[in-house]
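Number of protein chains: 2
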Amino acid sequence: MSGRATIEDVAARSGVSTATVSRVLSGSVPARPETRDRVLAAARDLDYHPSSVARALKRRETRTMGLVVTDITNPFYSQLARAVESVAHEHGYGMVLANGGDDAARELEHLDLLLERRVDGIVIVSSRLTRRDAHRLRAIPVPVVLVNDTVTGSGILTVTTAHRHGARMATDHLILLGHRRIGHIGAPADQAASSQRRQGVRDAVRGAGLEDPVVALGDGGVAGGASATGALIDAGVTGIVAYNDLSAIGALRALHREGVRVPDDVSVVGFDDIDLAAWTDPPLTTVRQPTDDLGRWAVEHLVDRLGGATDPAGRPVSLEPRLVVRGSTGPAQGAV
Amino acid sequence: MSGRATIEDVAARSGVSTATVSRVLSGSVPARPETRDRVLAAARDLDYHPSSVARALKRRETRTMGLVVTDITNPFYSQLARAVESVAHEHGYGMVLANGGDDAARELEHLDLLLERRVDGIVIVSSRLTRRDAHRLRAIPVPVVLVNDTVTGSGILTVTTAHRHGARMATDHLILLGHRRIGHIGAPADQAASSQRRQGVRDAVRGAGLEDPVVALGDGGVAGGASATGALIDAGVTGIVAYNDLSAIGALRALHREGVRVPDDVSVVGFDDIDLAAWTDPPLTTVRQPTDDLGRWAVEHLVDRLGGATDPAGRPVSLEPRLVVRGSTGPAQGAV
DNA sequence: TTGAAAGCGCTAACAT
DNA sequence: ATGTTAGCGCTTTCAA
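Shown next as structure tokens:
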């Protein structure tokens, strides 16, 4: 049925002008109760739903934002996406989803599409663009907010978790448990915050006067976490701080396969606190990202900007994570 | 800034009419090479990107589809969403995301929003709408395709996995391993295909001449899977078919907590084959849904319909799942 | 091969 | 309180 009722149909049926229909429906201007009723009735009878594309053309705003995510399949990102969508909805904004996929080229293409669709603003979550095409980001003709990742000195509205501090907390927790030889499963540079988290581990280890952590590189996923673990065991670490929960789950699996008990022989800490972290075996001690807050911050600041607020071009805002201690960490062998 | 170049700017700069610009850019009609070049140059210089909202108003199609999902955070759905988005993108369609959240009312509201946004079609994935508001679905003025769930006799384009058969395969696998007392972790009726899967378990058990399965109700998530497991153990089952992988993960956890070994004492089978299923401890034997195929089928049939194809109003198409045997299943005690 | 002009469905001056 | 009208940025007849 392309035969959807237009405002003109409603106007005709209720015997008023389209302007009146528009006003009644928006409630912007008072109307005589009788007219009001007639218009409302006509609209209902015709099952009239105003075309937001016509409205968008006129108002020059679509009330839509774009959401760019590298991989919606990653549990942390899908939680973030849910938060973003939900808050956007609260504010009357729709969300068009641009899932990154493998390459940065595709993300750029997606970006152009979003712009052609005239989204009012864009939320970018840990995209490849962030690092590889920072200059492109600055050229985007609509407000942008970066979540969970940073382009230094870009002046782009940014909110992240305090990654470095979070990783430090995780590591301090291990150290407090008596671990002296700490391993870190890192992630490639194209993963969000990989270097900050690595730094955080180093900070803690150095702060405690221990020797530098053993670092093995994963891929940010379970498989990489599993394969990185071997090197860590060989190096004799008793505590592992993983780049994220997925990597930690890989480590858990690898450890189990090798007959290494967790946390008796080796402790493992993750990062993110995805839903499943509470259900691994043993349940994963991890650094919880304030996912909902990140999403809310991002959308609400974007909405402010769309409302004309000029952002203080400040430095990235960073929200504090929180250590959630579960069963995958325990005292080092021979410690307290 | 809001000062984006319009087709008129391009026309002025290249000294032709807007009609010519439109034609050159769409390539629909041949133009003199020289004109062509001038137009292209102007467009490039001005960084012109046609407004798809103006185009949509004129053409009366937005080249956008709506995606309704109950919970994007559920790994199976996020995988499906990725598939859907990706195929839609292939066909030049954008995706606006409507994440269901808790209640059906919200989904209805989302639906209206999608319609106002004039999406050309809608993909509905296991939504609450499916069961509670079937009549509303039929009233949607754009083509709809249902994925992974069915509204019987609705004539709505539908693609699902062969849930019943899949559950039967899972159960047969257990039976073949010598299990005689089968348990099933079910899901509430508002979860997709919960009754079909339960039926499949029953089919297999009866087919083998065993007594009816013990059914304990979960909630479709990990927590529910874990709490349902107790009753199953008490009933003395040695093989558990879970509604889905999340429930199975819950079962794994509960079993572990009770000191029941998997698969030595009890075997567990999941459903979906989410990414993490391969990484549980032990790795989960499960029924793999053809997720990508579901997504592709849905989008491509929707696109066909948008192109004017009139669907054969047939019965739901169902795609075959496949049993993936991993470590969570083994011979029953005292069996072969 | 190109231009002029109408019109998609709304909203917002500007009148009355 | 309501109507008239212009116009948002495109595409597409219809003419030339």
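Going line by line, the protein sequences match chains A and B.
Note that my numbering has the first sequence beginning at 2, numbered continuously upward.
Note that my numbering has the second sequence beginning at 2, numbered continuously upward.
Quick reminder that beta carbons are idealized off the backbone N, C-alpha and C, glycines included.
Computed from a predicted structure; not experimentally measured.
Notebook entry, point to check: Looking only at DSSP bridge pairs, what is A/I186 linked to?
Noted result: A/A217 and A/A243
Notebook entry, point to check: Distance, Cα to Cα, A/G93 vs A/R64?
Noted result: Pairing A/G93 with A/R64, the inter-Cα distance amounts to about 7 Å.
Next item on the list: State the CB to CB distance for the pair A/I125 and A/V148, rounded to an integer number of angstroms; the pair is presumed to be in contact (CB under 8 Å).
Entry: 7 Å
Check: Counting pairs of Cβ atoms below 8 Å between the region 248-258 of chain B and the region 31-43 of chain B, do you hit three or more?
Finding: no
Next item on the list: Check the Cβ-Cβ distances between B/G95 and every residue of chain A, and say whether any is below 7 Å.
Entry: yes
Note to self: Given a cut-off of 7 Å on the beta-carbon distance, is the pair A/A243 and A/A236 in contact?
What the structure shows: no
Check: Any residues in the region 141-152 of chain A with a beta carbon nearer than 7 Å to a beta carbon of chain B? Which ones, in chain order?
Finding: P142
Checklist line | Meets three-Cβ-pair contact criterion under 8 Å: the region 285-301 of chain A and the region 158-167 of chain A | finding: yes
Next item on the list: Report yes or no: do three or more beta-carbon pairs, one from the region 169-178 of chain B and one from the region 325-333 of chain B, lie closer than 8 Å?
Entry: yes
Next item on the list: Please compile the residues from chain A whose C-beta is within a distance smaller than 8 Å of the C-beta of B/D305.
Entry: What B/D305 touches in chain A: nothing, since even the nearest Cβ is about 17 Å away.
Next item on the list: Tell me B/M96's beta-bridge partners as DSSP assigns them.
Entry: Partner(s): B/M66.
Margin query: Assuming the contact rule is C-beta atoms closer than 8 Å, A/P317 and A/T159 should be a hit. Round their C-beta distance to whole Å, please.
Written below: 4 Å
Item checked: Beta-carbon spacing of B/G221, B/Q192 below 7 Å -> In this structure, B/G221 lies near B/Q192, with their beta-carbon atoms less than 7 Å apart.
Next item on the list: Starting from A/E86, find everything on chain B with Cβ-Cβ shorter than 7 Å and list it in chain order.
Entry: L98 and N100
Notebook entry, point to check: What is the DSSP secondary structure of B/S319, reduced to helix, strand or coil?
Noted result: strand
Item checked: Contact set between the region 238-265 of chain A and chain B, restricted to residues whose Cβ is under 8 Å from the partner -> I250, G251, L253, R254 and H257
Notebook entry, point to check: If you measure from the CB of A/I176, is any heavy atom of the ligand COA nearer than 6 Å?
Noted result: Questions concerning the ligand COA fall outside what the structure shown contains, since it holds no ligand whatsoever.
Notebook entry, point to check: Cβ of B/A43 less than 7 Å from any chain A Cβ?
Noted result: no
Item checked: Euclidean distance between Cα positions of B/V143 and A/G122 -> Cα-Cα distance, rounded: 27 Å.
Note to self: Nearest by alpha-carbon distance to A/R14: which of A/V269, A/L303, A/W298 and A/L47 is it?
What the structure shows: Comparing alpha-carbon positions, the option among A/V269, A/L303, A/W298 and A/L47 lying closest to A/R14 turns out to be A/L47.
Check: Any Cβ of chain B within less than 7 Å of the Cβ of A/M2?
Finding: Because the pLDDT of A/M2 is 39, which lies under 50, any placement of that residue in the model is unreliable, and the question is left without a value.
Notebook entry, point to check: Is the shortest distance between the beta-carbon of A/V337 and the beta-carbons of chain B less than 7 Å?
Noted result: Legend: pLDDT at A/V337 = 48, less than 50; position of this residue unreliable, no value from coordinates given.
Margin query: Helix, strand or coil, according to DSSP, for B/L277 in the structure here?
Written below: helix
Notebook entry, point to check: Just the Cα atoms here: how many angstroms apart are B/A209 and A/I275?
Noted result: 40 Å
Notebook entry, point to check: For B/S268, which beta-bridge partners are listed by DSSP?
Noted result: B/G240
Margin query: Tell me the DSSP secondary structure of A/E122 in three-state form.
Written below: In the sequence under discussion, the amino acid at residue 122 of chain A is Gly, which differs from the Glu named in the question. Three-state result, A/G122: strand.
Margin query: Once the 5 residues before and after A/R182 are set aside, which same chain residues still bring their CB inside 8 Å of it?
Written below: L211, E212, V215, A236, G237, V238, T239 and G240
Checklist line | Proximity of A/T74 and B/Q197 at Cβ, strictly below 7 Å | finding: no
Note to self: Between which residues of its own chain and A/A202 is the CB-CB distance below 6 Å, once the five residues before and five after are set aside?
What the structure shows: Just to set this straight, residue 202 of chain A is Val in the shown sequence, not Ala. Closer than 6 Å at the Cβ level, and outside the excluded window around A/V202, lie A168, T172, H185, P214 and V242.
Check: Given that a residue counts as buried once 16 or more other Cβ atoms are within 10 Å of its Cβ, and exposed if not, what is A/G260?
Finding: exposed
Check: Comparing the C-beta of A/D282 with each C-beta of chain B, is any distance below 7 Å?
Finding: yes
Next item on the list: Counting only the same chain and skipping the five closest in sequence on each side, list residues whose C-beta sits under 8 Å from that of B/P76.
Entry: D246, L247, D273, I275, D276 and L277.
Check: Can you list the residues of chain B that A/V223 reaches, using a CB-CB cut of under 9 Å?
Finding: D276, L277, A279 and W280
Margin query: Is it buried or exposed, A/V339, if we count other Cβ atoms within 10 angstroms and call 16 or more buried?
Written below: Absent from the model: residue 339 of chain A. The displayed extent of chain A is 2 to 337, so no value can be given.
Notebook entry, point to check: So what does B/L324 bridge to, in DSSP terms?
Noted result: For B/L324, which the question treats as bridged, DSSP gives the partners B/V288.
Check: So, do the region 81-91 of chain B and the region 293-307 of chain B have three or more beta carbon pairs nearer to each other than 8 Å?
Finding: yes
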